[in-house]
Amino acid sequence: MAVSGAVLVLFLIGHMVGNLKIFLGADDFNHYAHWLRTMGEPAVPRRTLLTILEVVISVAVVLHIWSAVSLGKRARAARPVKYQARKKSHAQGYAVHTMRYGGVIILLFVIWHLLDLTFLVVNPKGDGFTPYERVVADFDASRWYITVWYVLAVLLVGLHLRHGVWSAFNSLGWRTPRNDRTLRGLAFAVAGVVTLGFVSVPLSVTFGWVS
Amino acid sequence: MKLTLRVWRQSGPDDKGRMVEYPVDGISEDASFLEMLDVLNEELIARGEEPVAFDHDCREGICGMCSLVINGTPHGPERNTTTCQLHMRKFKDGEVIDVEPWRAKAFPVVKDLVVDRSAFDRIIKSGGYISAPTGAAPEAHSVPVPKPDADRAFEAAECIGCGACVAACPNGSASLFLGAKVTHLGLLPQGQPERWDRVVSMLETHDSEGFGGCTNTGECTVACPKGIPLDVIGRLNHDYIKATAGGAKK
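Residue numbers (this note's numbering), protein chains in the order written: chain A, 1 to 211; chain B, 212 to 461.
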């Protein structure tokens with residue numbers, strides 16, 4: 001859970017930095033999208049490094065889901081008879097309770113997101129357009145519901161990281177009484193930066209700041 | 212005080228069990244929760260009914276025998292307090308109170324509110340000890356222990372093994388209990404010889420007893436009547452990873 005999660009957090013940060021290139025203009029954004037495919041050339045053929053990254057990320061996603069499912073199964077087996085009274089939660093707060101259902105919603109979102117901007121199946125522009133044009137068309141004000149869907153999914157990702165980043169350090173045994181405040185701060189900062197970074201693009205397009 | 216209790220009644224391990232409602236009256240605000248149950252049981256016995264079975268021993272908050280999930284919270288609403296030290300003044304007059312046993316596969320119900328916690332004994336047996344030679348105790352000052360380590364070890368050693376962490380955990384994990392033992396023994400010089408074998412074999416026993424996996428929700432530490440901090444789980448994971456992946460276990 002912790003190791004696969006860490007791979008995915010690093011990917012998210014990279015993905016977010018790439019997205020923010022949209023604020024530098026169409027040329028910068030499209031050039032970045034092109035560079036992703038030509039990374040490592042001419043030392044390695046086109047798309048080699050990108051394919052390796054895609055495989056690593058896919059494996060991390062599968063392992064992350066597998067860990068979550070096996071932990072869930074163990075949890076169900078460990079308490080065959082449920083409490084009659086509604087069990088009160090007293091710890092940590094909201095983010096912890098979103099981990100399981102939030103994770104499922106994030107998975108559904110990722111599938112939609114891939115169909116939208118990778119496989120171009122549900123994108124209004126599709127093949128024959130530049131990545132920049134696709135993004136701008138995707139989050140057009142007339143398609144506000146798509147923006148809402150993206151923003152909600154990113155907020156869930158933020159909550160997921162809020163607990164997940166700190167939790168990963170505890171699972172890997174790197175959390176001590178002394179560094180706890182720092183780790184909680186780090187989790188809050190990573191969650192905040194990733195959330196703001198990702199929601200900024202769809203919102204900017206919808207509100208017409210990027211067109 | 213007048214209260215309505217809804218108590219889990221289960222005649223034995225094979226009975227399905229159910230919540231049964233009991234009105235109780237004339238309860239003193241200064242009574243402990245267990246004394247309130249004593250009053251109920253006296254009434255039940257007088258009526259010729261079977262009294263409610265529940266675990267208790269010292270009634271001083273130090274033995275770890277009392278349990279009970281009260282209104283969905285192990286050891287009831289007051290923090291850092293065992294059920295025996297919980298007073299009825301923490302409840303409102305006329306309140307409906309749900310009383311249930313710990314719920315975990317590894318803690319099967321024996322009768323009513325009594326669960327079998329010998330899974331914890333088996334975990335302790337698999338590593339919760341030190342190899343001390345017999346004979347006269349050595350001079351205490353001959354084994355120096357850094358003050359922060361001694362404090363942390365003592366904090367973890369406060370665990371009374373009641374099982375509230377398991378009852379509170381949404382995953383039914385006993386990681387806080389394990390962490391407390393591994394921290395308590397692993398921080399002190401006397402616990403070093405078995406340190407790496409201890410963490411591995413205690414964790415293996417934990418898993419084979421049917422406890423769940425930890426997802427760091429933090430419910431355990433809030434429910435713990437001794438306030439064992441969550442960082443003992445960080446130390447448990449640290450020692451386990453070092454013992455296995457790091458090759459520290461012989």
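Note that CB positions come from ideal geometry on N, CA and C, so glycine has one too.
Taking the alpha-carbon positions, what's the residue i to residue j distance?
i: N123 (chain A); j: H113 (chain A); result: 9 Å
i: D408 (chain B); j: D450 (chain B); result: 10 Å
i: C373 (chain B); j: L389 (chain B); result: 12 Å
i: L348 (chain B); j: T394 (chain B); result: For the record, residue 348 (chain B) in the displayed sequence is Ala; it is not Leu. About 23 Å.
i: I57 (chain A); j: P288 (chain B); result: 44 Å
i: A153 (chain A); j: E260 (chain B); result: 56 Å
i: D225 (chain B); j: D323 (chain B); result: 12 Å
i: R143 (chain A); j: L120 (chain A); result: 16 Å
i: G283 (chain B); j: L441 (chain B); result: 21 Å
i: I382 (chain B); j: A78 (chain A); result: Reading off the sequence shown, one finds Asn at residue 382 (chain B), where the question assumed Ile. Cα to Cα, the separation comes out at about 7 Å.
i: L155 (chain A); j: L20 (chain A); result: 17 Å
i: H163 (chain A); j: T428 (chain B); result: 9 Å
i: V104 (chain A); j: A361 (chain B); result: 44 Å
i: T345 (chain B); j: E405 (chain B); result: 17 Å
i: L99 (chain A); j: A191 (chain A); result: The question names Leu, but residue 99 (chain A) is Met in the sequence shown. Their Cα atoms are separated by approximately 14 Å.
i: A456 (chain B); j: F11 (chain A); result: 25 Å
i: E171 (chain A); j: L71 (chain A); result: The amino acid at residue 171 (chain A) is misidentified as Glu; the sequence shows Ser. The straight-line gap from Cα to Cα measures roughly 13 Å.
i: I106 (chain A); j: L279 (chain B); result: 38 Å
i: I13 (chain A); j: A6 (chain A); result: 11 Å
i: H178 (chain A); j: K460 (chain B); result: Sequence inspection shows Arg at residue 178 (chain A); the His mentioned does not correspond to that position. So the two alpha carbons sit approximately 26 Å from each other.
i: Q296 (chain B); j: R328 (chain B); result: 21 Å
i: K125 (chain A); j: I146 (chain A); result: 14 Å
i: D418 (chain B); j: A68 (chain A); result: 17 Å
i: G158 (chain A); j: H97 (chain A); result: 13 Å
i: I439 (chain B); j: K82 (chain A); result: 25 Å
i: Q221 (chain B); j: G228 (chain B); result: 4 Å
i: A262 (chain B); j: E240 (chain B); result: What sits at residue 262 (chain B) in the sequence shown is Pro, not Ala. Taking the straight line joining both Cα atoms gives about 22 Å.
Report yes if the CB atom of residue i is closer than 9 Å to the CB atom of residue j, and no otherwise.
i: D309 (chain B); j: A85 (chain A); result: yes
i: H353 (chain B); j: E415 (chain B); result: Checking the sequence shown, residue 353 (chain B) turns out to be Ser, not His. In this structure, E415 (chain B) does not lie closer than 9 Å to S353 (chain B) by Cβ.
i: H298 (chain B); j: A242 (chain B); result: yes
i: V55 (chain A); j: V110 (chain A); result: no
i: A391 (chain B); j: C370 (chain B); result: yes
i: H160 (chain A); j: G102 (chain A); result: yes
i: V165 (chain A); j: V3 (chain A); result: no
i: V210 (chain A); j: V136 (chain A); result: yes
i: E420 (chain B); j: A379 (chain B); result: no
i: S386 (chain B); j: A75 (chain A); result: no
i: G445 (chain B); j: G173 (chain A); result: yes
i: A364 (chain B); j: V377 (chain B); result: no
i: G25 (chain A); j: L36 (chain A); result: no
i: V443 (chain B); j: A367 (chain B); result: yes
i: K301 (chain B); j: P80 (chain A); result: no
i: D332 (chain B); j: K213 (chain B); result: no
i: V201 (chain A); j: I22 (chain A); result: yes
i: A375 (chain B); j: C435 (chain B); result: yes
i: M1 (chain A); j: A187 (chain A); result: no
i: K437 (chain B); j: N291 (chain B); result: yes
i: W313 (chain B); j: V326 (chain B); result: yes
i: R134 (chain A); j: L108 (chain A); result: no
i: F139 (chain A); j: M16 (chain A); result: no
message: Below 8 Å, how does it come out for the stretch 271-284 of chain B and the stretch 182-192 of chain A: are there three or more Cβ pairs, yes or no?
response: no
field: Interface positions of the stretch 85-105 of chain A facing chain B (Cβ-Cβ less than 8 Å), listed along the chain
entry: Legend: CB atoms of the stretch 85-105 of chain A lying less than 8 Å from CB atoms of chain B belong to residues A85, R86, K87, K88, S89, H90, A91, Q92, V96 and M99.
Stretch pair the stretch 391-399 of chain B + the stretch 334-350 of chain B: three plus CB contacts closer than 8 Å: yes
message: Assess contact between the stretch 127-134 of chain A and the stretch 23-35 of chain A, defined as three or more Cβ pairs (one per stretch) separated by less than 8 Å. Is contact present?
response: They touch, by the three-pair rule.
task: Return the chain-ordered ranges of every beta strand (DSSP E) run that is complete within the stretch 242-316 of chain B and spans a minimum of 3 residues.
output: If we require 3 residues or more, the beta strand (DSSP E) runs fully inside the stretch 242-316 of chain B come out as 307-311.
- prompt: Between the stretch 160-182 of chain A and chain B, which residues of the former have CB atoms less than 8 Å from a CB of the latter, in chain order?
  reply: Residues H163, W166, S167, F169, N170, S171, L172, G173, W174, R175, T176, P177 and D180.
Stretch pair the stretch 192-211 of chain A + the stretch 248-266 of chain B: three plus CB contacts closer than 8 Å: In short, these stretches do not touch, since the Cβ pair count stays below three.
message: For the stretch 284-298 of chain B, list every residue whose C-beta sits within 8 Å of some C-beta in chain A, in sequence order.
response: T284
field: Members of the stretch 399-413 of chain B that neighbour chain A once the beta carbon cut-off is set at 7 Å
entry: Listed by position along the chain: nothing, the set is empty.
query: Which residues, in order along the stretch 7-40 of chain A, keep a beta-carbon less than 8 Å from a beta-carbon of chain B?
result: none
- request: Check distances from the C-beta atoms of the stretch 420-444 of chain B to those of chain A and list, in chain order, the residues that come in under 9 Å.
  value: G421, F422, G423, G424, C425, T426, N427, T428, G429, E430, C431, T432, V433, A434, P440, L441, D442 and I444
message: Going residue by residue through the stretch 313-372 of chain B, where are the continuous alpha helix (DSSP H) segments of at least 4 residues, counting only ones entirely within it?
response: 329-336 and 358-368
message: Using a Cβ-Cβ cutoff of 7 Å, what residues of the stretch 301-312 of chain B are near chain A? List them in chain order.
response: D309 and E311
query: Would the stretch 212-219 of chain B and the stretch 230-238 of chain B be scored as touching if the rule is three or more Cβ pairs under 8 Å?
result: In short, these stretches touch, since the Cβ pair count reaches three.
task: Please go through the stretch 4-41 of chain A and give each complete alpha helix (DSSP H) segment of 4 or more residues, from N-terminal end onward.
output: List check, alpha helix (DSSP H) in window: 26-38.
Cβ-based contacts, 8 Å cut-off: residues of the stretch 71-83 of chain A near chain B: Contact residues of the stretch 71-83 of chain A toward chain B are L71, R74, A75, A77, A78, R79, P80, V81, K82 and Y83 (C-beta to C-beta distance below 8 Å).
message: Going residue by residue through the stretch 48-116 of chain A, where are the continuous alpha helix (DSSP H) segments of at least 4 residues, counting only ones entirely within it?
response: 48-78
- prompt: Name the residues in the stretch 225-242 of chain B whose C-beta lies less than 7 Å from a C-beta of chain A; which are they?
  reply: M230
task: Residues of the stretch 383-400 of chain B with a CB closer than 8 Å to any CB of chain A: list them in chain order, please.
output: G383 and S384
- request: Any chance you could list the alpha helix (DSSP H) runs of at least 4 consecutive residues sitting entirely within the stretch 407-458 of chain B, in chain order?
  value: 430-434 and 442-455
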